[in-house]
Amino acid sequence: MCWVSWDQIFQSKENGGLGIKNLELFNSSLLCKWKWRCLNDTESPWYDLLRFRYGSLVANFLSGEGRDNLKHASIWWRDLWCLGGKDNGNWFGNNVSSILGDGNNIRFWKEQWIGTTPLRVLFPSLYLKTTLPDGYISTMGMWERDTWKWKFDWTTELSDIESETVHDLLLILDQVRPSREARDRRRWKPHKAGFFTVKTAYIALMPRPGVCSIEPITANALKLLWLNNVPSK
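When you line the sequence shown up against this note's numbering, it's residues 11 to 243, in that order.
Here it is, written out as structure tokens:
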């Protein structure tokens with residue numbers, strides 16, 4: 011008898027597996043749809059109810075913070091919050107990027123909205139001195155007629171090196187500015203069009219098989235193996 015690991019069986023047929031669903035990962039992918047809706051359906055009545063009950067959803071889901079506030083939360087909310095959080099490598103937040111609109115729903119320092127890394131990671135010394143560590147983009151500046159001006163307030167006076175760092179930050183920010191009309195949006199990075207789907211979440215969660223070199227003839231034979239009239243069961 012040839013023993014095969016479950017990790018291999020769970021792989022797709024193209025990767026040498028049997029295409030059987032990993033129910034634990036599939037269930038996590040289904041639950042993540044609720045997290046995605048919390049980030050995007052911000053005009054829904056149920057969103058207002060959850061925000062009133064549990065506070066800022068976006069900050070918790072994308073930054074993985076706020077765990078200390080879960081003591082009196084419902085079991086459903088604790089499970090949803092912990093799903094894809096820091097204890098699991100924060101894979102949910104790492105797969106979500108933010109597209110700037112009016113800046114009213116994107117955390118300036120904590121979210122991936124310009125580049126692929128949050129600004130608090132790129133500029134840790136500035137993040138420690140900002141007066142608004144949880145501030146939204148719209149609170150980090152103001153409109154002067156049709157021109158957006160970035161404005162930052164610090165808890166203490168900046169050193170010469172930190173002042174140079176602010177200059178570097180402004181060079182990055184010169185590439186973008188908030189919009190007065192468009193709303194902020196979220197993008198699911200595993201999907202080409204940026205939409206969340208259970209399928210792409212499941213694929214993102216699946217462990218990758220070991221990479222090996224297969225000759226084109228062999229690869230084509232394996233592909234044709236499943237294209238027959240024999241029932242898969």
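All C-beta atoms in this analysis are idealised placements derived from N, C-alpha and C, irrespective of residue type, glycine included.
What does DSSP give as the partner residue(s) for Thr-127 in the beta ladder? Bridge partners of Thr-127: none, in fact.
8 angstroms Cβ cutoff met for Thr-166 and Lys-202: no
Alpha-carbon to alpha-carbon, Ser-108 and Leu-234: 41 angstroms
What residues in its chain sit with their C-beta under 7 angstroms from that of Asp-193, if we drop five residues either side in the sequence? One point to set straight first is that residue 193 is Arg, not Asp, in the sequence displayed. Counting only Cβ-Cβ distances below 7 angstroms, and skipping sequence neighbours, we find Gly-111 and Asp-112.
According to DSSP, simplified to helix, strand and coil, what is Arg-155? coil
Would you be able to state if there are at least three C-beta pairs under 8 angstroms between the region 161-178 and the region 79-88? no
Is the beta carbon of Trp-123 closer than 8 angstroms to that of Arg-130? no
Mind checking Ser-73: buried by the 16 CB within 10 Å criterion, or exposed? Buried, since its Cβ has 16 or more Cβ neighbours within 10 Å.
Could you name the residues of the same chain whose beta carbon sits closer than 8 angstroms to that of Trp-13, not counting the 5 residues immediately before and after it, in chain order? None.
Extent of the continuous alpha helix (DSSP H) to which Arg-47 belongs: Secondary structure note for Arg-47: its alpha helix (DSSP H) is the uninterrupted segment 33-50.
Under the three-state DSSP convention, the category Ser-173 falls into: helix
According to the neighbour-count rule (16 or more other Cβ atoms, all chains shown, within 10 Å of its Cβ), is Gln-21 buried or exposed? buried
Among the residues of its own chain, which have a CB less than 7 angstroms from the CB of Arg-204, if the five just before and after it don't count? It should be noted that the sequence gives Gly, not Arg, for residue 204. So the qualifying residues of the chain are Arg-197 and Trp-198.
Taking its Cβ as the centre, do 16 or more other Cβ atoms sit within 10 Å of Gly-65, making it buried, or is it exposed? exposed
With respect to the beta strand (DSSP E) encompassing Val-106, which residues constitute its N-terminal and C-terminal limits? 106-109
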